[in-house]
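Take a look at the structure set out below.
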Amino acid sequence: MTGKSKDEILHDRNDDGIDRRGFLKCMAWAGTGALCVMSGGVLKSHSLSRLPGLSPKEAMGELSFVQISDSHMGFNKPANPDVAGTLKAAVDKINALPAAPEFLLHTGDISHLSKPEEFDTVDQILKSAKPKDVFYVPGEHDVLNDDGKQFLERYGKGGKGGGWYSFDKKGAHFIGLVNVMNLKAGGLGTLGHEQLQWLEDDLKHLKHSTPMVVFAHIPLWSVYPEWGWGTEDSAQALAYLKKFGSVTVLNGHIHQTMQKVEGNVTFHTAASTAFPQPQPGKADSPGPMKVPAEQLKSVLGITDVNFVQGQHALAVVDSTLA
Amino acid sequence: MRRSVSIAVLTVAVVIGVGTVDVGQKDLLASAQQKPETTEVKIDNFSFGPGTLTVPVGTTVTWTNRDDIPHTVVSTEGAFKSKVLDTDEKFAYTFSKAGTYPYFCSIHPKMTGKVIVQ
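Protein chains in written order, with the numbering used here: chain A, 1 to 322; chain B, 323 to 440.
So this is what it looks like as structure tokens:
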């Protein structure tokens with residue numbers, strides 16, 4: 001989406017293409033590219049084209065990582081007959097970043113049909129990425145037919161129960177949550193009692209000043225429940241996170257970038273590396289959106305996240321594959 | 323005043339008339355549906371069509387996924403469960419007992435349907 005809707009920018013005080021109020025109104029832009037720096041719950045953003053003008057501190061911070069999502073390896077319909085090609089393009093883009101990111105986060109739907117060869121292809125492609133560590137959470141397409149057994153065998157080592165886990169990097173605490181298992185008829189994504197209890201325990205020993213990065217496949221905020229774009233019991237998880245000064249929540253699933261701020265919590269969804277999906281309610285169903293081949297790469301992308309230690313700041317950069 | 327009342331009465335009469343014709347058509351359709359022993363549910367645009375299906379005991383219902391995205395057909399109460407259905411793949415289940423069978427897509431749980439077996 002290159003055009004901006006009329007009410008997105010009301011006061012562009014920082015000359016950065018976005019104002020705070022516009023941001024709070026839940027900005028939706030599909031891969032136009034923006035660097036967002038969170039500081040004490042207030043966001044500043046810079047369009048991708050202005051990145052060269054930023055100081056290295058602003059642009060990089062002390063920790064940077066890249067989020068990719070929804071590779072859907074195995075999908076071969078008209079919306080994108082070459083999902084391997086577009087994932088490779090994402091890797092090229094990652095490898096071209098001025099400084100190699102520390103690691104990759106994949107927020108699920110690695111495969112389209114949970115087939116071993118689909119996972120193999122993604123593993124193979126990601127091997128050519130400069131960052132060698134990849135952290136995964138499953139999407140619903142990764143746990144088909146076997147309740148996630150294969151996913152856990154491949155990617156879930158060290159995870160608890162259904163595959164959730166946490167780790168620390170340079171002072172920030174990362175939490176991978178699983179919300180695609182045991183879905184109930186008529187419902188949304190689910191974390192479940194066991195996982196919520198684990199989360200509460202996991203957070204207990206942490207200082208409130210620890211920057212938190214939570215990632216899961218289905219959005220942990222209510223994007224559009226009518227299409228199942230939300231998580232039933234995410235409010236409980238967010239309640240545990242409330243005490244922290246800086247919380248960033250990264251999700252995939254909806255194949256478009258969308259951001260929202262709620263107090264100290266910034267929610268962010270990543271574009272898919274495979275195919276775009278319509279904006280909430282803008283189509284009969286959330287099925288793949290067919291766009292002309294020459295436009296496809298402009299609606300697919302990667303998300304580059306930079307963490308600036310000591311400033312409680314996270315910078316989120318969306319870049320398209322075009 | 324009197325004129326507007328009579329228009330209202332006429333309107334009510336027309337609505338009742340249309341309603342009666344409608345019920346008649348449904349009866350005809352119902353009796354036509356008694357005969358075939360297989361019935362199809364199509365999965366289109368993230369929904370089951372028809373959402374509620376009424377069939378006689380012994381009917382085999384076939385679900386066909388016509389979406390670009392895989393779906394499943396899973397009984398809420400555990401009576402049946404399909405493997406994941408990719409585009410154009412089918413799942414069939416024969417209903418041998420009367421009852422109401424709610425089901426959903428376990429990948430997209432907002433998608434729900436119901437088979438009523440009489």
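Quick reminder that beta carbons are idealized off the backbone N, C-alpha and C, glycines included.
Remember, it's a predicted structure, so these values are computed and weren't measured experimentally.
- Per DSSP, the unbroken alpha helix (DSSP H) holding F119/A starts and ends at 116-126.
- With a cutoff of 7 Å on beta-carbon distance, P378/B and Q440/B are scored as near each other.
- In the three-state DSSP reduction, G263/A falls in the coil class, being neither helix nor strand.
- Residue environment for N80/A: buried (at least 16 other C-beta atoms within 10 angstroms of its C-beta).
- For T86/A, there is no enclosing beta strand (DSSP E); the residue is part of the alpha helix (DSSP H) that begins and ends at 83-95.
- Contact between the segment 233-247 of chain A and the segment 271-284 of chain A is absent: fewer than three C-beta pairs spanning the two stretches fall below 8 Å.
- At a C-beta separation below 8 Å, I429/B has these neighbours in chain A: E140, H141, L144, L183.
- Flagged as an interface residue toward chain B: G186/A, by a C-beta distance shorter than 7 Å.
- In the structure shown, the three-state DSSP call for E399/B is coil.
- T121/A sits close to M73/A, with the two beta carbons spaced by under 7 Å.
- Taking 7 Å as the threshold, the shortest C-beta distance from I391/B to chain A falls below it.
- Between the alpha carbons of K403/B and L63/A lies a gap of roughly 46 Å.
- Annotation for V66/A: I94, P101, L104, I302, D304 place their beta carbon closer than 6 Å to its own, counting only its chain and skipping 5 residues before and after.
- Cβ proximity to chain A below 8 Å picks out K405, V406, D408, T409, P424, Y425, F426, S428, I429, H430, P431, K432 from the segment 404-432 of chain B.
- Here the alpha carbon of H255/A sits roughly 12 Å from the alpha carbon of H268/A.
- Beta-bridge analysis with DSSP links N387/B to I365/B.
- Interface criterion not met: the Cβ of D92/A is under 7 Å from no Cβ in chain B.
- In this structure, S71/A and L97/A do not form a Cβ contact; the two beta carbons are roughly 19 Å apart against a cut-off of 8 Å.
- The criterion of a C-beta distance shorter than 7 Å is satisfied by P424/B and K436/B.
- Here D201/A carries a helix assignment [DSSP, helix/strand/coil].
- Under the three-state reduction of DSSP, S418/B is assigned to coil, being neither helix nor strand.
- The straight-line gap separating the alpha-carbon atoms of T361/B and T382/B is approximately 6 Å.
- Under the Cβ criterion of 7 Å, P278/A is not counted among the residues facing chain B.
- By the Cβ rule, the segment 241-255 of chain A counts as touching the segment 205-213 of chain A, because three or more pairs are nearer than 8 Å.
- Here the C-alpha atom of A401/B lies approximately 20 Å from the C-alpha atom of E411/B.
- For A239/A, the uninterrupted alpha helix (DSSP H) run begins and ends at 234-241, by DSSP.
- For the segment 186-205 of chain A, residues whose beta-carbon sits nearer than 7 Å to a beta-carbon of chain B comprise G186, G187.
- In terms of beta-carbon proximity, N387/B stays away from the interface with chain A, with every pair separated by 7 Å or more.
- Under the three-state reduction of DSSP, S246/A is assigned to coil, being neither helix nor strand.
- Distances from the alpha-carbon of N264/A to those of H208/A, G192/A, Y165/A put H208/A closest.
- Any Cβ of chain A closer than 7 Å to the Cβ of F368/B would place that residue at the interface, and such an atom is present.
- When DSSP states are grouped into helix, strand and coil, V143/A belongs to the coil group.
- Contact annotation: F426/B and A89/A have beta-carbon atoms that are not nearer than 7 Å.
- In the structure shown, V299/A falls within a helical segment according to DSSP collapsed to helix, strand and coil.
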